[in-house]
Structure formats: structure tokens, C-alpha cells
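Chemist: Below is the structure I would like to discuss, written out as C-alpha cells.
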Amino acid sequence: MSTNSIQTWLAIPHDPLVFRDGKPFTATPGARATSVPFPFPSTLAGAVRTLSGATTNGGVFPADNEAVIQQVLSYNLVGPFLFDVRRSEVLFPAPQDALLLRLDSHDEKQAIRVALRPTKRFQSVQTNLADGLRPVAPDTDTRTKRHPKSPAFWRWQEMRTWLQAPQEGMVTLSDLGVRPLPTDVRTHVSIQATSGTAEEGALFQTAGLTFVHVPGTEQSDGHAHQGQPRLAEAAELALVIQTDAPLQSHLGALGGERRLAAWKASDENMLPACPDEVRKAIKTTKRGRLILVTPAHFKRGFLPTWVCEQHPSGIKLRIAGAAVGRPVHVSGWDYKERAPKPTRRLAPTGSVYFFEIEEGDDAAIERFIDEIWLGSISDDAQNRRDGFGVALLGTWK
Numbered sequence: 000m001s002t003n004s005i006q007t008w009l010a011i012p013h014d015p016l017v018f019r020d021g022k023p024f025t026a027t028p029g030a031r032a033t034s035v036p037f038p039f040p041s042t043l044a045g046a047v048r049t050l051s052g053a054t055t056n057g058g059v060f061p062a063d064n065e066a067v068i069q070q071v072l073s074y075n076l077v078g079p080f081l082f083d084v085r086r087s088e089v090l091f092p093a094p095q096d097a098l099l100l101r102l103d104s105h106d107e108k109q110a111i112r113v114a115l116r117p118t119k120r121f122q123s124v125q126t127n128l129a130d131g132l133r134p135v136a137p138d139t140d141t142r143t144k145r146h147p148k149s150p151a152f153w154r155w156q157e158m159r160t161w162l163q164a165p166q167e168g169m170v171t172l173s174d175l176g177v178r179p180l181p182t183d184v185r186t187h188v189s190i191q192a193t194s195g196t197a198e199e200g201a202l203f204q205t206a207g208l209t210f211v212h213v214p215g216t217e218q219s220d221g222h223a224h225q226g227q228p229r230l231a232e233a234a235e236l237a238l239v240i241q242t243d244a245p246l247q248s249h250l251g252a253l254g255g256e257r258r259l260a261a262w263k264a265s266d267e268n269m270l271p272a273c274p275d276e277v278r279k280a281i282k283t284t285k286r287g288r289l290i291l292v293t294p295a296h297f298k299r300g301f302l303p304t305w306v307c308e309q310h311p312s313g314i315k316l317r318i319a320g321a322a323v324g325r326p327v328h329v330s331g332w333d334y335k336e337r338a339p340k341p342t343r344r345l346a347p348t349g350s351v352y353f354f355e356i357e358e359g360d361d362a363a364i365e366r367f368i369d370e371i372w373l374g375s376i377s378d379d380a381q382n383r384r385d386g387f388g389v390a391l392l393g394t395w396k
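Using numbering that gives the first Met the number 0, count along the sequence shown one by one with no gaps and you end on 396.
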């Protein structure tokens, strides 16, 4: 394991970044390269480790040096998270236990926020939930549909309030956060290597993520369009990570198609600490919430095991309920084995796990909170080092 100190880094995109979704993309005319809605931790982990290996070896990564490979694999990554450069504020994925309902069919700016929590309302209903999990639902019935323009990322101030004490009622969507990153589609032409001219009929497209948020210029699908932009409120967005890998500030490629991003070190910790209210509530009530802010890989599908049974703090948890979205899939290319990585199903960001502490004194709970806050809860140690399963803590009252 690496013994380097943790450093905060910003990756500020210069171009729309392409983070491939794993679908086939060949030289066939008309091919399209599409992006995932947000980069996986493994994408940033791969970039960071490649950069660090090159930085410490004369600018070139020694791909055949097993010692260097094992060294870079030991580096830890936290993130990536969306960062508002103008406000100097981190944004986290929207939590799945916050249900945003539409007021009426014409109101696109406001919504009714309803909290989801484990319930005993449906005791006569048969389910296939494992290990005594309770259904997660609102306290009262609702017949309203989800709001189609719910923010995908919440600002930290809003997230902190939700972690401390979920507040229901009317909310303004633009105050909560931002919609999914808009997609920039570009058409390219294939160039013949011998003549340097365009190859006839060989057109292809790439779709990249634009890290700029301009209120009033997005549709419910995240694509940009000509609306009523409020340029005074435009936000330059970036990616923020923490890592113990030795890096240097530079301008380099990130993601597919060699799109550029500026890597800048930060002298301050841009990621928040656990609120005191959350810490006190978990110690008092012996229960709380785990909220995934990066996708997680668990051996049992959507249910964590390591953090419940084998966490080094000595705490034993029982998951009482879970609000989990649809699974996401990740693969990639293994540069060491020169072969594709196996496809894995991940619990998505925003997933919420309601837990009860069955074993552990106050000192163990303190250690647990310190280690879990912005730490990884994935079951496998390498997945934790790669940044999969980073979590926040919230109250459950």
C-alpha cells in the first residue's frame, strides 16, 4: 500500500471529454462513439497511475516493469466528483432516497421533495428481498410522477442538509444542483495515412461531455439546445479527485480521442468533512445511511458485505433497507494482460443503504465514521483503491 500523502487534484477539461461506454466502435463508416453520463473511477485511476508511472520514470511509462506496475496499482483514488470552479464547490450525485415529484405538468422549475425510508407499512405484502430487508417507500401514498428535470448532481450545501435531516416539501430544482452534463456531438472524417487526404465516405461521430453548465440551455435528455440561456449564471465545471499518486501539474489527454484537460494541484482540501450533526446522530441512535457517491462493486450484487462484516473498525452493521437504482456496467482494457477486462455490474451512484449498528462501542463508531466518510465500501481491496464505492454518511431518524 502506498505511504504517500493524499493530494487534491482538479482536472479541468479544455474540450468535451469522451468516456466510452464500451459499445463497439470501429473504422466502419457511420460509426458513433458515445459516452457514459459521467466517468467511472477506473478511468481516472488509469489516467492517474499512467501519469504517475511516467512522471517517476523519465516521462515514459515502463509497461514491462512489473515493480512499477505493482507500485502504481497500490495508489489510492477518491472520486471523481463534479466541481464548480466558479463557486469552488463540489457536487455529489443525487441521492436515491430523495424523490422529486412534479407539481403539475407545466411547472419545470419546482418539485415536491419526498423522503424514502424503510417502512413497515407493507407487512402483509410478500417480497423477494433478502436478509430481512424492509421495503423503502414514502411515509404516505403518492400518485404524482417523478419530475423529468430532476438534478443529477446536488450542490454540497443541499447535500449536507439532506444528510443531516431530510427536509420534505417544495424545492427549486436549480437551487438543488445541475442536470446531467450536456453531450457535444461532433462529426469527423477519416484521414488516409499515406496521402493525408479524407477517405471518401468514412465519416464517424463522437459524443463528448461538456463541462459547462448554462441554466436555461438543456432539455430533459441532457442535450444542449437554443433556449433562454442565463450566461451570467454559467458555471465552468471540472473533475476533482484525491490521490496519493505522485503527479505534476500539466496539460494532457484524458479519456478517448485524446481530448485535453489541465491537471492542477490544490493546496486546500476541496472535499468536505463529515458534519458534526451526522456524527452525533449516528453515535446516539446507532443507525444511519450510507450514500454511494461513486459506483460500487459488491460480491452480492447490490448489497455490501465487507463494510458490514469485516470493517477494521470492529463495527458490525445490518442493512435494514436499500434505495438502489438500476445497475451500471463497466469493463475496460487491461494493459498488463493485453485483453479486455471482464464486464462487471455495479451499484449506481446515489444508492442509499439504511444501516443499524449491532456491535461496536463509541470509540469504534468514531473510527468507523472517520474511515467511511469519503472512503470506499466496495468488497474487493483493489476496487477500493480504484475509487469504486466511495460513500457519505447520513442520519436515519
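Idealized CB from N, CA, C, for every residue including glycine.
What is the rounded straight-line gap between the Cα of Q218 and the Cα of N3?
Modeler: Residue placement at Q218 is flagged as unreliable, the pLDDT there being 48, under the threshold of 50; a coordinate-derived value is accordingly withheld.
Chemist: In the DSSP assignment, find the unbroken alpha helix (DSSP H) run with P399 in it and report its ends.
Modeler: No answer is possible for residue 399: the residues shown for the chain start at 0 and end at 396.
Chemist: What does the alpha-carbon distance come out to for the pair S375 and T7?
Modeler: 17 Å
Chemist: Should E157 go down as buried or exposed, given a rule of 16 or more other Cβ atoms within 10 Å for buried?
Modeler: buried
Chemist: Assuming the contact rule is C-beta atoms closer than 8 Å, A97 and W161 should be a hit. Round their C-beta distance to whole Å, please.
Modeler: 6 Å
Chemist: Indicate the three-state DSSP secondary structure (helix, strand or coil) for E235 in the structure shown.
Modeler: strand
Chemist: Report buried or exposed for H328, applying the criterion of at least 16 other Cβ atoms within 10 angstroms of its Cβ.
Modeler: exposed
Chemist: So L172 and P150 are supposed to be a Cβ contact under 8 Å. How far apart are they, rounded?
Modeler: 6 Å
Chemist: Once DSSP output is grouped into helix, strand and coil, what is the label at T284?
Modeler: helix
Chemist: Measure the beta-carbon distance from V292 to T348 and round it to whole angstroms, keeping in mind my assumption that it falls under 8 Å.
Modeler: With a Cβ gap of about 6 Å, V292 and T348 count as contacting.
Chemist: Looking only at its own chain, which residues have a Cβ that is under 7 Å from the Cβ of F39, when we skip the five neighbours before and after it?
Modeler: P294 and V329
Chemist: From F152 to V177, what distance separates their C-alpha atoms?
Modeler: 5 Å
Chemist: Could you check the C-alpha separation between D360 and T143 for me, to the nearest Å?
Modeler: 43 Å
Chemist: What residues in its chain sit with their C-beta under 6 Å from that of A206, if we drop five residues either side in the sequence?
Modeler: T33, S34, T182 and V184
Chemist: Taking only the alpha-carbon atoms, compute the straight-line gap between G186 and F203 and give it to the nearest angstrom.
Modeler: Gly is not the amino acid found at residue 186; the sequence shown has Thr there. The alpha-carbon atoms of T186 and F203 are separated by roughly 6 Å.
Chemist: List the residues that DSSP assigns as beta-bridge partners of A129.
Modeler: A129 is bridged by DSSP to nothing; it lacks a bridge partner.
Chemist: Pairing CB atoms from the region 339-356 with CB atoms from the region 84-96, are three or more of them under 8 Å?
Modeler: Taking one beta carbon from each stretch, the region 339-356 and the region 84-96 have 3 or more pairs nearer than 8 Å; the two touch.
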